[in-house]
Each structure stands twice: as structure tokens, then as C-alpha cells.
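Novice: I have a structure I would like to understand better, so I am pasting it below and will then ask my questions one at a time.
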Amino acid sequence: MCGIVGYIGHRNCFPILIKGLKRVEYRGYDSVGLALLSRDSFEVFKKVGKVNELEGEISNLSSNSCLGIAHTRWATHGGITEENAHPHVDCSKGIAIVHNGIIENCNELKEELILKGHTFLSETDSEIIAHILEEEYKSNKDYIKATLNTVSKLKGSFALLAVIKDLELIIGARLDSPLTIGIGKDEYFVSSDILSFIEYTDDVIFLNNREVCFIKRDSLTLMNFDGSEIKRDIVKVAKELSDLSNKVFEHYTLKEIHEQTQVVRLALLQDEKRFKTFLEGIKRAKKIYFTGCGTSYHACVLATYLLAKFPKLTSEALIASEFDSIFELIDKDTLLIAISQSGETADLLSCVREAKAKGAKVFALVNNVNSSLVREVDLFLPLNCGPEVGVAATKSFIAQLALLYLISLSLKGDNSMIKELYNLSNSIEEVLKLEEDIKRLALKYKDSKDFYFIGRALHYPIALEGALKLKELSYIHAEGLAAGELKHGPLALISDGTPTLAINPSDETYQRTLNNASEMKARGAKIIGLSDENNSLYDDFIKIPKVMEVFYPIIEVIPLQLLAYYVTLQRKLNPDYPRNLAKSVTVP
Ligand code: M6R
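Each residue of the sequence shown is one higher than the one before, starting from 21 at the first, in this note's numbering.
Next comes the structure, spelled out in C-alpha cells:
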């Protein structure tokens, strides 16, 4: 994972790098660092912690550097220490690198380098890149050759940036981790994500796999790993991505939960022709699989219910990292639908590549339309919910669900239900008014050790999602369970006072879920009912508005997001930055 940022131009790069880092902090926030190069100095700063902590420490820096690279880390190799923070330097301290990805052959490369006399200061796989580049540059003094030789030695995945003390340029390279170059007037930005520099320029070049770039203040050279030069068109990206202000809300997570009033409407805004082709692809497929990770996987589970319920199609949902167990079944008659907010999730991308290699058609529902996923699939539909910064997926889930409903209902040809779908925004506004009630519940249950969410049919994926939100933000152990499964084991976990949230709106699952909740209550559980209908069985009750039965999943997940958020605040934790996680999981 990790986020990398670089700048070369005519401005002081320190504030640009700091701002850029804050925008990619969702990719990891274990430690932070930057290397600044100017005519008379080459300085490296690093710190365990978040970007603003480093910024606070060196804010008095009167740097006049117009060239720098920076990094925010999600630890893979080596603990969370200052030594392991990037940038890493070579033995001569004349080369600095930042890296996102994993170098799989780092041990053997390290052994070779140690034999040549190199000394390593960190436990990371990344540091070897600085030392290889040092070796290569020392032997031929040609930075292009040195770079190409370096990348040819690396196995695994990487997006990397490097600076060499006596050269005024940034070197970049990419293999399976994203890297994008922003083009200004006599200045260049480079980053894992265009969000880092979008307010400076909307002219970008996406580096493809197995490409390197050499960025000088007044020129940009792109090459394949084999040294052949490449010409690439500049792409204009949507400026509205720059709307990242977080003025009204205390956290991005809360801001994004509140943005959900707009999200359904925006997700339904699809290009007619593209949407029709998507539906045709589904109709033509003999086998349909959905895949995703985390929250996006929960959307996949709901998708299988919706396809079964409306157009009566059979499909299967699989977690992306589990997909290889059924690769033998994938062939040219298969349609794989990949669902992702970021479009950069490594497990998902490798699944997509494998399916394509087997001749399958691959479609995607994705929020980041500039992502690797978009460039690799046959067709995608955008979620249109704007950048999601909070590590917990919230609004992107609602957008995924809305789009899946649209697809399923369109395949069935049910226009009156589609109309109802457009009207859901009002009910979402109503649900958000529950905030004060949820705060009270959060206070009551903040010290729970375990928490269960139960639901049947369409509500089961929402139970999974409610549990994921609570565990990832508040660190309370939580599980989402199919209500009918309780008797088959989980009931043994229930003891006096165990909170269980029953997702139980008044639809065809109502009575059976109520019975299951009653069985839990008889064994001591405290039941929180989430429904449009109260019941004397409930110890606590969250009343959601009445909507058309099939649409309850879209609105019932919102109180669960709010519950996770407020329990987290009660436990004095930061919901935007849960420990050990990153927004975008770009390592397999
Ligand atoms: O960007 P993606 O949708 O592919 O991400 C998938 C998961 O990593 C993501 O949903 C993760 O589980 C979130 N932290 C859930 O809130």
C-alpha cells in the first residue's frame, strides 16, 4: 500500500508535498517522510505517525527546495519505526527512494548487496532499491541505464520515485502499483493518486505497467522497461475531484455518511449506451460471478440476491482473495463483475487479470474512474460518489447497492420500481436524523466486548457490513450472522447482556428474524431492533422509515455506519484512521 508523492518545478515543494501526502494518507499512515533536494542541500526527514505530526515538527523549515519526493507508509516488511520509514537512502546518502509495493526477491538481492559491501539501515524490502540504484549509477554514471538495470532486477510490485543528489530530476517506475504524473507549466507532480495534485493541474499522464519516467523541470521522458521511448497522450481528468473540503464535519467518515443523501441519485446517472451494453453483457453470459473485498464483497453478496430476485439469474459471489479456488471454472462464457471503490485493490486486480487470461469478459462497478481496474476491464460503470477518504467504506457501499438495484431492475424491466429507487434520497435524509438516538445507543454499548448483527436474505449482507464497520472502526469484536444460522453454533456465544442488533424491517423475513431474536433474548442477549415496526421484544429500537420492501438494505445500513462511528468516538479513537488498516489495499 503506501502513498508516494513527488514534485519538481519552480515553487517551494515542501507545502505541495505535505498537502499531497495528506491526500494519499488513506493508503497508509504508519509513518511519513520526505527528501528535499536543492542546489546546496539534500535533506531527508522522517517520523513515525501521521503527516501533520511531521509537518508540525518541521513547519519552520525555510527550505527553498523545488524538487522533492515523499511517502506515507503502511508497513509490510519491518515494524513501524523511524528507520523503516521512507525515504530510504543508499550508502553514499546521495540517492533517496520512496516505494509502494512489495519486492518479492528482496532477500536474495540484499545478500548480493551485502557481499558487495552495502550497509542496510532498515528492515524494509524497499531499501534495496536505493542500493541497487547506487551500484548501477556508480558503475556507468548514466541514470537512464542505471534505472532500467535496477527495475529489471526487481520482482514483485512497485511504484517508486528516486532522486539522485547531483541530478535535477525525479525518476519514477511502475509495476502493478499506480503512478500518475500531473503536468503543470514548467512543473510536474507525480503521485500514487491524482487527488494529491488535482488542484494544481487536471492534465495527467498515467504510467502503465513496466514503464519508467524521467521528470525534469522542463521535460518528461517515458520509457518501457526495455529502454524504448514512449509517446503518451495527456488525459484531462475531472476537476470536481478536488472537492475534498472537510469543513463542516469533524471527520471524513461522518462527512461521507452524510453525503449519502446525494449518492443514490448520482449512482443512477449512467450513460445510456454504456449501461445498455453492460446489461447485454449480463444477458449473454452463461456464468456470472461477482467479486470484491471487504465492503465491496458485501455488495457482491447482495448482488446475487438481487439478480435471483428480479431478472431470475443465477450468479455467485466470491471474495477476490478466494477466487483462485474456482479459476478452473472460468472460461470464455463467463462474465466476472468486479466491484471496488478504489479500483486499486491488489487481490481484485489479480483476479481480473487471471479471468481475462482465461477468456472471460470482465466488467466492473468502480468509484475511481482513473484506477488500474478501469484500464483493465472490458467495461465499467462508475459509482459517481466522489472521492471517499475515510478508511471505512460508507457512501461507496450505498452507491454500489443503488447501481446493483438499477441493473437488476432494468434487467427485469420494472420501471415503476426504478422510479421508487430514485426517490430513496428522502428516506436517507430521514434516517440521518436518527443521529441523536444513535449517539445514545453508542454511549450505552461502547464498552461491549462482542457485538452481533443478524439478518436474513437481503439483510444478511447488511449484517456483515454492520459488523465490519463496527470492528474496523471501534475494535470491538463483531460478527454478522445469517439469523437462521444461530442455532447451528453461534447461539453458544450468547451470554448475559450480549448486544445483538436484529435487522428486521417489516418484509417477508420479519417474523422469522423476530423468532431468532427471541431465541437469543431467552439466552440473555440484549436485542436492538432495527425496523420500521417496534416490538416489545426489543430492549432498544432504531426506527427507520417505511420504504418499498426490497429497498430496506439501502437505508438500514446507514444507522449501522453511524453506530460504528459514534461508538468509536466514545472509545476516544479516530474513525478516519483505524489502526493497522489503509484505505486502499494495494498489496496481495
Ligand atoms: O477499494 P475497494 O472497494 O476494492 O476496497 C475493498 C476493501 O478493502 C474495503 O471495502 C475495506 O474492507 C474497507 N475498509 C471497509 O470499510
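Here a beta-carbon is modelled for each residue, glycine too, at the ideal position from N, C-alpha and C.
With distances taken from CA atoms, which of Phe561, Glu455, Gly76, Thr144 is nearest Gly121?
Specialist: Out of Phe561, Glu455, Gly76, Thr144, Thr144 has the C-alpha closest to the C-alpha of Gly121.
Novice: How should Glu260 be labelled, buried or exposed, when 16 other C-beta atoms within 10 angstroms of its C-beta is the threshold for buried?
Specialist: Low per-residue confidence applies at Glu260: pLDDT is 49, beneath 50, and the placement is therefore not dependable enough to give any value.
Novice: Closest to Gly363 by CA distance: which of Gln581, Ile514, Asp213 is it?
Specialist: Distance check between Gly363 and each of Gln581, Ile514, Asp213 places Asp213 closest, using alpha-carbon atoms only.
Novice: Are the region 310 to 323 and the region 436 to 445 touching by the rule of at least three beta carbon pairs closer than 8 Å?
Specialist: no
Novice: Cα separation between Thr170 and Lys158?
Specialist: 12 Å
Novice: Please go through the region 41 to 96 and give each complete alpha helix (DSSP H) segment of 4 or more residues, from N-terminal end onward.
Specialist: 71 to 78
Novice: For Leu424, which residues from the same chain have a beta carbon less than 6 Å from its beta carbon, with the 5 sequence-adjacent residues on both sides left out?
Specialist: Ala323, Leu326
Novice: Any chance the CB of Leu488 is under 7 Å from a heavy atom of the ligand M6R?
Specialist: yes
Novice: Restricting to runs no shorter than 3 residues, where is the beta strand (DSSP E) found entirely within the region 368 to 426?
Specialist: 381 to 386, 399 to 402
Novice: Give me, in chain order, the residues of the same chain whose beta-carbon lies closer than 8 Å to that of Lys67; leave out the 5 immediate sequence neighbours on both sides.
Specialist: Ser51, Val52, Gly53, Glu73, Leu74, Glu77, Glu102, Ala105
Novice: Got a sec: does the ligand M6R put a non-hydrogen atom nearer than 7 Å to the Cβ of Ala337?
Specialist: no
Novice: Quick one, are the C-beta atoms of Ser416 and Asn435 less than 8 Å apart?
Specialist: no
Novice: Express the C-alpha separation of Glu449 and Thr281 in angstroms, rounding to a whole number.
Specialist: 6 Å
Novice: Rounded to whole angstroms, what is the Cα-Cα separation between Val284 and Thr167?
Specialist: 47 Å
Novice: Tell me, which residues are paired with Ser335 by DSSP?
Specialist: Paired residue(s): none; Ser335 is not in a bridge.
Novice: Using the Cα positions of Lys507 and Glu455, report the straight-line distance between them to the nearest angstrom.
Specialist: 33 Å
Novice: Hey, is Glu492 close to the ligand M6R, as in C-beta under 7 Å from one of its heavy atoms?
Specialist: yes
Novice: Return the chain-ordered list of same chain residues with a C-beta closer than 6 Å to the C-beta of Ile302, the five sequence neighbours on each side being excluded.
Specialist: none
Novice: For Ser177, verify whether its CB is less than 7 Å away from any heavy atom of the ligand M6R.
Specialist: no
Novice: Consider the C-beta atom of Thr365 and the heavy atoms of the ligand M6R; say whether any pair is separated by less than 7 Å.
Specialist: Answer for Thr365: yes, Cβ within range of the ligand M6R.
Novice: Let me check you understand the geometry: is the CB of Leu601 closer than 7 Å to at least one non-hydrogen atom of the ligand M6R?
Specialist: Because some heavy atom of the ligand M6R lies under 7 Å away, the Cβ of Leu601 counts as near it: yes.
Novice: Give the straight-line distance between the Cα atoms of Gln590 and Val118, rounded to the nearest whole angstrom.
Specialist: 37 Å
Novice: Can you confirm whether the region 455 to 473 touches the region 287 to 296 when touching is taken to mean that 3 or more C-beta pairs between the two stretches lie within less than 8 Å?
Specialist: no
Novice: Keeping to the same chain, check which residues put their C-beta closer than 6 Å to that of Ile496; ignore five residues upstream and five downstream.
Specialist: Ser468, Phe471, Leu490
Novice: Taking Ala55 as the reference, which of Val64, Gly48, Leu452 has the closest Cα?
Specialist: Val64
Novice: For Arg31 and Ala182, what's the separation of their Cα atoms in angstroms?
Specialist: 19 Å
Novice: Taking Thr315 as part of the alpha helix (DSSP H), name the residues at either end of that continuous run.
Specialist: 314 to 329
Novice: I need the DSSP call for Leu589, collapsed to helix, strand or coil.
Specialist: Reduced to three states, the DSSP call for Leu589 is helix.
Novice: Going by the CB atoms, is the gap between Gly40 and Phe217 shorter than 8 Å?
Specialist: Pairing Phe217 with Gly40 gives a Cβ-Cβ distance under 8 Å.
Novice: Could you please give me the residues that DSSP links to Glu456 through a beta bridge?
Specialist: Looking at the DSSP assignment, Glu456 forms no beta bridge with any residue, so it has no partner.
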